[in-house]
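>
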């Protein structure tokens with residue numbers, strides 16, 4: 282919960298610093314006389330983008346980033362590890378570039394937010410005050426949503442949906458490699474909303490890409506709690522052309538909702554009680570905002586944080602701006618590109634009052650989502666969004682999908698899209714960490 286306590290004085294803050302060796306580094310104190318302090322919680326696509334943008338454009342503001350992990354493993358491009366097209370080092374990024382730009386990076390976890398007192402308490406000890414807080418904590422998995430699926434079962438049926446230290450995606454790759462000849466790989470896909478709507482279907486593609494070479498008689502079962510999915514026509518065209526009947530997608534209406542798993546017996550159990558024995562499994566459970574956002578009382582009953590669409594300030598707390606996957610921002614997808622794009626609007630809005638500079642009158646949010654579906658084969662969806670009243674809306678005729686058609690006619694287009702995807706990844710990670 283949000284604690285309603287008095288604002289910390291600089292003297293009290295200094296005393297807390299001295300109380301623990303695992304608190305905040307001295308450079309933060311040296312910048313105490315700046316125009317203000319911006320604290321950012323979470324060092325992923327939203328938080329790292331916000332930190333770099335703030336450091337470059339608001340040098341008079343002290344910027345502090347709090348992130349437990351000492352490096353960031355991206356979920357985008359993790360699927361390419363499954364396809365044998367990348368290794369973990371390729372998607373692991375250091376925070377040293379942000380430090381070089383003057384961002385104070387603290388590797389710790391925020392245990393509590395005191396919105397009234399403008400302070401955050403760190404799990405490692407100590408408290409850090411702020412003028413403005415940007416919260417980009419990402420998602421948490423609903424461990425109770427699928428019977429039998431929890432952290433222990435995730436070692437057998439990895440989710441690989443939170444980057445963490447990268448062990449989940451490498452474990453899933455190892456499960457693929459250990460499949461018997463002609464074995465069954467199964468995936469459980471959640472209902473909306475969830476992180477990266479096209480992600481499960483790119484993952485199916487990359488798994489098929491690997492199995493086509495290493496285990497061509499294997500079968501892939503995709504159990505989906507929905508009736509349709511992002512870029513569905515493009516994915517299904519590619520699956521038919523590249524992988525034949527290897528991938529079977531099962532929608533909710535065909536008993537595609539998985540309600541129970543038995544990791545010890547290697548079983549997926551569907552809504553109507555049918556048991557599916559699998560040799561390797563990937564369970565992507567339903568999700569909600571990370572615990573810090575929910576425990577701070579910022580989230581709604583569904584577990585996501587409602588925000589002002591023009592500033593991303595949480596409706597439940599002043600001076601706390603929530604970006605990335607944790608907020609309520611439909612119809613915008615929960616994507617890395619949206620997190621990066623909206624992070625900059627949130628920084629400008631948050632620091633307008635601190636610095637006296639104007640906020641953006643008519644912010645625009647961009648999304649491009651590329652998916653790899655095979656060797657040198659990429660597809661994409663593009664959309665632009667704006668605030669609309671109390672919510673968000675897609676700008677009419679502002680985006681679209683890759684054209685559909687056979688590879689014989691669109692081969693060059695597919696190759697270019699795959700290269701564009703690689704360029705996008707390099708560009709956005711540079712915009713976060715360099």
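In this note's numbering, the protein residues as written are 282 to 715. Glycine included, each C-beta is placed from N, C-alpha and C at the ideal position. Quick caveat, the model's predicted, so the values are computed rather than measured.
1. Skipping 5 residues on each side, what residues in its chain have a beta carbon closer than 8 Å to that of residue 721?
2. Would DSSP call residue 527 helix, strand or coil?
3. Check whether the region 499–510 and the region 459–473 touch, using three or more Cβ-Cβ pairs below 8 Å as the test.
4. Output needed for residue 596: all residues of its chain with C-beta closer than 6 Å, excluding positions within five of it in sequence on either side, in chain order.
5. Are the region 637–653 and the region 597–606 in contact at 8 Å, needing three or more beta carbon pairs?
6. What are the boundary residues of the beta strand (DSSP E) that includes residue 345?
7. Return the residue from the list 665, 694, 701 and 608 that minimises the CA-CA distance to residue 651.
8. Whole-angstrom Cβ separation of residue 530 and residue 476, contact assumed at under 8 Å?
9. By the DSSP assignment, the beta strand (DSSP E) with residue 374 in it spans what residues?
10. Based on Cα-Cα distance, which residue from 612, 322, 505 and 613 lies nearest to residue 482?
11. Report the partner residues of residue 414 according to the DSSP bridge assignment.
12. Given residue 376, which residues of its chain have a CB within under 6 Å of its CB, disregarding the five upstream and five downstream residues?
13. So what does residue 667 bridge to, in DSSP terms?
14. On the criterion of 16 or more Cβ atoms from any shown chain inside 10 Å, does residue 695 qualify as buried, or is it exposed?
15. Just the Cα atoms here: how many angstroms apart are residue 541 and residue 574?
16. Would you tell me roughly how many angstroms separate the C-alpha atoms of residue 455 and residue 537, rounded to the nearest one?
17. Buried or exposed: residue 458, going by 16 or more other Cβ atoms within 10 Å of its Cβ?
18. Have a look at 415, 683 and 668 and flag the residue whose alpha-carbon is nearest the alpha-carbon of residue 676.
19. For residue 395, does the three-state DSSP call read helix, strand or coil?
20. With a threshold of 16 other CB atoms inside 10 Å of the CB of residue 449, please say whether the residue is buried or exposed.
21. Given a cut-off of 8 Å on the beta-carbon distance, is the pair residue 320 and residue 411 in contact?
22. Could you check the C-alpha separation between residue 656 and residue 478 for me, to the nearest Å?
23. Assign residue 584 to one of three DSSP states: helix, strand, or coil.
24. Tell me whether residue 288 is buried or exposed, calling it buried when 16 or more other Cβ atoms sit within 10 Å of its Cβ.
25. In the DSSP assignment, find the beta strand (DSSP E) that holds residue 649 and state where it starts and stops.
26. Return the first residue and the last residue of the alpha helix (DSSP H) that residue 712 is part of.
27. So, for residue 610: in the same chain, excluding its five sequence neighbours on each side, which residues have a beta-carbon less than 6 Å away from its beta-carbon?
28. Can you list, in chain order, the residues of its chain with a C-beta nearer than 6 Å to that of residue 556? Leave out the 5 residues immediately preceding and following it.
29. Can at least three beta-carbon pairs, one atom from the region 677–695 and one from the region 347–363, be found at a separation below 8 Å?
30. So the candidates are 340, 382 and 359; which of them puts its Cα closest to the Cα of residue 714?
31. Would you tell me roughly how many angstroms separate the C-alpha atoms of residue 709 and residue 495, rounded to the nearest one?
32. Among 474, 326 and 318, which residue has its Cα nearest to the Cα of residue 707?
33. Can you say whether residue 473 is buried or exposed, counting buried as having 16 or more other CB atoms within 10 angstroms of its CB?
34. In angstroms, rounded to a whole number, what distance separates the CA positions of residue 426 and residue 567?
Looking at the atomic coordinates:
1. Lying before the first or after the last residue shown, residue 721 is absent from the chain, which here runs from 282 to 715.
2. Of the three classes helix, strand and coil, the one that applies to residue 527 here is coil, per DSSP.
3. Yes, since at least three Cβ pairs between the region 499–510 and the region 459–473 fall closer than 8 Å, the two stretches touch.
4. Same-chain partners within the cutoff: 587.
5. Flag = no, the region 637–653 and the region 597–606 do not touch.
6. Per DSSP, residue 345 belongs to the beta strand (DSSP E) from 342–347.
7. When 665, 694, 701 and 608 are compared, the shortest CA-CA separation from residue 651 is found for 701.
8. Wrong, their Cβ atoms sit about 20 Å apart, outside the cutoff.
9. For residue 374, the enclosing beta strand (DSSP E) begins and ends at 373–375.
10. Put simply, of 612, 322, 505 and 613 the residue whose alpha carbon is nearest the alpha carbon of residue 482 is 505.
11. BP columns for residue 414 point to 320 and 601.
12. Within the same chain, Cβ atoms closer than 6 Å to the Cβ of residue 376 are found at 386, the five residues on either side in sequence being excluded.
13. Residue 667 is bridged to 674.
14. Classification of residue 695: buried, given that the 10 Å Cβ count is 16 or more.
15. Distance between residue 541 and residue 574, taken at the CA atoms: about 28 Å.
16. Cα-Cα distance, rounded: 25 Å.
17. Exposed: under 16 other Cβ atoms inside 10 Å.
18. Of the candidates 415, 683 and 668, the one whose C-alpha sits nearest the C-alpha of residue 676 is 668.
19. Three-state DSSP puts residue 395 in a strand.
20. Buried.
21. Yes. Within cutoff.
22. Each residue's Cα considered, the two are about 21 Å apart.
23. In the structure shown, residue 584 sits in coil (DSSP, three-state: anything other than H, G, I, E or B).
24. Interpretation of residue 288 is limited by its pLDDT of 33, a score under 50 that renders its predicted location unreliable; the figure taken from the coordinates is listed afterwards. Under this definition residue 288 is an exposed residue.
25. Note, residue 649: beta strand (DSSP E), 646–655.
26. That run of the alpha helix (DSSP H) goes 688–714.
27. Around residue 610: 673.
28. So the qualifying residues of the chain are 548 and 550.
29. These segments do not touch.
30. Measuring C-alpha to C-alpha distances from residue 714 to each of 340, 382 and 359 identifies 382 as the nearest.
31. For the pair residue 709 and residue 495, the Cα-to-Cα distance works out to about 32 Å.
32. Selected option, being the one with the closest Cα: 326.
33. The residue is exposed, with fewer than 16 neighbouring Cβ atoms inside 10 Å.
34. Each residue's Cα considered, the two are about 7 Å apart.
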